[in-house]
Amino acid sequence: MKDEPIRTADFDYDLPPELIAQTPCLARGASRLLLVDGDDGTLADRRFSELVDLIPPADLLVLNSTKVRHARLLGQRGSGAPAEVLLIHPSTDDTWVAMGQPGSALKPGKRITLGEGFEIETVEILAGPNRRVRFHGGSAAEAMSRFGQLPLPPYIDRAPDLADEERYQTVYADRAASVAAPTAGLHFTTELLERLAARGVRIEYLDLEVGPGTFRPVEAPDPRDHPMHRESFDIPATLATGFAATRQAGGRIWAVGTTVVRALESAIQPDRTLRIGLQATDLLIVPGFEFRAVDRLITNFHLPRSTLLMLVSAFGGVATTRAAYRHAIAQRYRFYSYGDAMLIR
51 MKDEPIRTAD FDYDLPPELI AQTPCLARGA SRLLLVDGDD GTLADRRFSE
101 LVDLIPPADL LVLNSTKVRH ARLLGQRGSG APAEVLLIHP STDDTWVAMG
151 QPGSALKPGK RITLGEGFEI ETVEILAGPN RRVRFHGGSA AEAMSRFGQL
201 PLPPYIDRAP DLADEERYQT VYADRAASVA APTAGLHFTT ELLERLAARG
251 VRIEYLDLEV GPGTFRPVEA PDPRDHPMHR ESFDIPATLA TGFAATRQAG
301 GRIWAVGTTV VRALESAIQP DRTLRIGLQA TDLLIVPGFE FRAVDRLITN
351 FHLPRSTLLM LVSAFGGVAT TRAAYRHAIA QRYRFYSYGD AMLIR
């Protein structure tokens, strides 16, 4: 039974289109940082490079080390008309779960040509916009290597360029498994991470496969009726050990991005330790959620009516988050994937 009503409309806001960052800032790490005090709602304008002075020694910083695949494939239908396929994750029998457009091009038995002798065939229609597809003429890995593009978010109104190859990946990106970047991590430089470590901050990583559901708006009037997307993640033993040691020493857990929050809050066990290994989560975090794993949050600014904005509102408080977004708009912060960041503590 649901408790207090939650309205999706309460997580809407108006954003001037020019504040949607279409390109990264000139230098990685040079973005702005809105410091939000979760206790009294105090706001302060800072630079992301100042983060090294904001995280106390012996606290734990957790980052998502996933890497973005070249999962966007452009091809042609039999008629010669264009078609697009976005690979989401491997399925069974050498097939992949994918989505694409137009939907009429992804009916069972139909093929999309990527290049001479290289085709994608739709095998099965799955739930929602998803399809199961099979490759002909080569593997999925070969297709992404030869024809794939970085799948920039839908609100970036341009094709990816050479700069995106570097800047739409974190400096610590490891295993290619995602269709979107863990964007809060895009602000970190190798130098900043080294300075944090030298200060005594413990740094650990997890791996969560960011899927296209991260961009899906909530359409249900009550967000708790939203069919939350499912994402796989892996908690290494080193993270679980560092988490336990930090907690025992009285330190705080800093999550870099909503993907880290979802993973940690899904993996936390009744004894307040982390479940190790490969897992999956469809956890929906909305106001009223009890956070048991995360104490501090570094995140970007998110889309209206999105589950990500609801998560941030649950963590920082609805009124405080609204005030922070109003301030960010008034002060001309850059929004979304290539935009600026906020820190809620």
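Numbers given in our numbering equal positions in the sequence shown, counted from 1, plus 50.
Glycine included, each C-beta is placed from N, C-alpha and C at the ideal position.
- With a contact defined as Cβ atoms closer than 8 Å, Y218 and A227 miss out at about 15 Å.
- Taking the C-beta atoms as reference points, A121 is found nearer than 8 Å to L136.
- T371: not part of any beta strand (DSSP E); member of the alpha helix (DSSP H) spanning V368 to A380, first to last residue.
- The C-beta distance from G88 to R302 rounds to 12 Å, too long to fall under 8 Å, and the pair is not in contact.
- The shortest CA-to-CA distance from P204 to any of L93, P267, R280 and F168 is the one to P267.
- Listed as beta-bridge partners of I285 by DSSP are G327.
- Within the same chain, Cβ atoms closer than 6 Å to the Cβ of L347 are found at A305, F365 and I394, the five residues on either side in sequence being excluded.
- Taking the Cα of L358 as reference, the smallest distance to any Cα among A380, T308, T370 and R384 is reached at T308.
- Taken in chain order, the complete beta strand (DSSP E) segments of 3 or more residues contained in the region 198 to 274 are 226 to 228 and 252 to 258.
- Secondary structure note for T73: it is in no alpha helix (DSSP H), with a DSSP letter that is neither H nor E.
- With three or more CB-CB distances shorter than 8 Å, the region 80 to 87 counts as touching the region 372 to 391.
- DSSP, reduced to helix, strand and coil, places Q126 within a strand of the structure shown.
- The C-alpha of H237 is placed about 19 Å away from the C-alpha of T264.
- Looking at F185, H377, M278 and A59, the one whose alpha-carbon comes closest to that of L93 is H377.
- Rounded to the nearest angstrom, the Cβ distance from R280 to A330 is 6 Å, consistent with a contact under 8 Å.
- Judged by DSSP in its simplified three-state form, D103 adopts helix.
- If you look at V135, you'll find it isn't in any alpha helix (DSSP H); it sits in the beta strand (DSSP E) that goes P132 to P140.
- C-alpha of R297 to C-alpha of L314: approximately 14 Å in a straight line.
- Residue range T308 to A317 is occupied by the alpha helix (DSSP H) that includes V311.
- Non-local beta-carbon contacts of D272 in its own chain, meaning distances under 8 Å to residues more than five positions away in sequence, involve K52, P55, I56, R57 and T58 in chain order.
- Note on L200: 16 or more other CB atoms within 10 angstroms of its CB, so buried under the neighbour-count rule.
- Exclusion of the five residues before and after P74 leaves R217 and Y388 as the residues of its chain whose Cβ lies within less than 6 Å of its Cβ.
- Between R312 and I335, the gap from beta carbon to beta carbon is short of 8 Å.
- Under the DSSP definition of a beta bridge, D95 partners with L84.
- Distance between E254 and T349, taken at the CA atoms: about 17 Å.
- Comparing C-alpha distances from F293 to each of R161, D109, R274 and V229 shows the shortest one belongs to D109.
- For A391, the uninterrupted beta strand (DSSP E) run begins and ends at A391 to I394, by DSSP.
- DSSP, read as helix, strand or coil, puts V183 in strand.
- Closest by C-alpha distance to D144, out of E171, R184, L111 and L164, is R184.
- If you draw a straight line from the Cα of T239 to the Cα of E100, it is about 12 Å long.
- In the DSSP annotation of this structure, the continuous segment of the beta strand (DSSP E) that includes M149 starts and ends at T145 to Q151.
- Under DSSP, K117 takes part in a beta bridge, and its partners are A226.
- By the criterion of a C-beta distance shorter than 6 Å, G167 is surrounded in its chain by G187, once the five residues flanking it on both sides are discounted.
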